[in-house]
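Under this note's numbering, the first residue of the sequence shown is numbered 1388, with each subsequent residue one higher.
Yeah, the Cβ is synthetic: ideal placement off N, Cα and C, and Gly gets one too.
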Amino acid sequence: MSRLSAAFAGRNGPTFVGFLVAGDPDPATSLTVAKAMIDAGAGILEVAVPFSDPMADGPVIQQAHERALAAGMTPDATFDLVRAIRGYAPVPVVLFTYANIVFRQGWDRFAVRAAGAGADGLLVVDLPPEESGDLSAAAARHGLDLIRLIAPTTSAARRRQILAGASGFVYLVAVEGVTGVRDNLPAHLAGLIGTLRQETDLPLAVGFGVSRPGHVRAIATAGADAVVVGSAVVRVIGESPGGGEEMVQAVRDYVAGMTGRP
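Below, the structure written as structure tokens:
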């Protein structure tokens, strides 16, 4: 059983997928934040490779990319961070990135390096299925799951195409638009989760806008297997200039509140 499969097996509630931008606010603190999320109950970590044009992300996560790049974070250093996380705990790690970063390194080379660092999956947010053949093959060769996104506006025919090449889990985008904290999740979300449950046996993870324990309960009740929380965690980091243990504790407390861990 892969680490990703194990993360969804035998759980009483939804798996918490914690998001961070590698190197935010600096490389050393980023590792400490990752450890804090694991200790607070995160079952999967989604680690973003810092990028200068993160088009799928709202202002909070865009600023995290800027902080990480200003601190000198690179794709190479991101692989080092994944390796350090892997040395700390067996929690699965999914690399969240953009196609330009992977293409510049080479599809196969990026997959080799990601797998060698201990990553379990790749989520290339701006790479459509029609253009992902090379990466799909490279990921399969090196034991990496290729996570696919489905949006609220994705048609049934398009969903079938996306699901045909998905592995690991399916990332269901809860809202239209970019990442960011929302007060309420859309009313149609439960119906979309139910529809997808009929279309795939892969675990379903819901992200974009998830920020409150009530959101987690609603998503679990609707039948999803995981929640992805990014902007809310990253906002805690951004609101703590200079970082430090106080910020790390705030992240730990927030994640514990979302996972229900004491």
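C-alpha gap between residue i and residue j, whole angstroms
i	j	result
R1569	G1617	Caution applies to R1569, whose pLDDT of 48 falls short of 50 and renders its modelled position unreliable; the value that the coordinates give is listed next. Near 12 Å, if we compare the C-alpha coordinates of G1617 and R1569.
G1410	A1476	19 Å
P1539	D1444	16 Å
V1478	E1433	10 Å
V1565	V1512	Any reading at V1565 is ruled out, since the residue's pLDDT is 46, under 50, leaving its predicted position unreliable.
V1458	A1451	The sequence shown places Ala at residue 1458, rather than the Val named in the question. If I take the Cα positions, the gap works out to 11 Å.
D1467	A1504	7 Å
A1506	A1543	31 Å
Collapsed DSSP secondary structure at residue i in the structure displayed
i	result
L1514	coil
L1482	strand
R1491	helix
T1613	It should be pointed out that residue 1613 corresponds to Ala in this sequence rather than to Thr. Strand.
F1395	helix
V1436	coil
L1583	helix
G1508	strand
D1413	coil
Residues bridged to residue i [DSSP beta-bridge criterion]
i	result
F1595	For F1595, which the question treats as bridged, DSSP gives no partner whatsoever.
E1453	Per DSSP, none; premise fails for E1453.
L1407	V1434
R1639	Answer by DSSP bridge pairing: none, since R1639 is not bridged.
C-beta atoms of residue i and residue j nearer than 8 Å
i	j	result
E1593	L1559	Before going further, note that residue 1593 is Val rather than Glu in the sequence given. In contact: V1593 and L1559 (Cβ atoms closer than 8 Å).
V1620	V1635	no
P1401	A1611	yes
A1502	H1529	yes
T1465	V1499	no
G1552	S1523	yes
Contact belief for residue i with residue j at Cβ below 8 Å, rounded distance in angstroms
i	j	result
R1639	A1427	5 Å
P1590	I1549	Actually they do not touch by this definition, with Cβ atoms about 15 Å apart.
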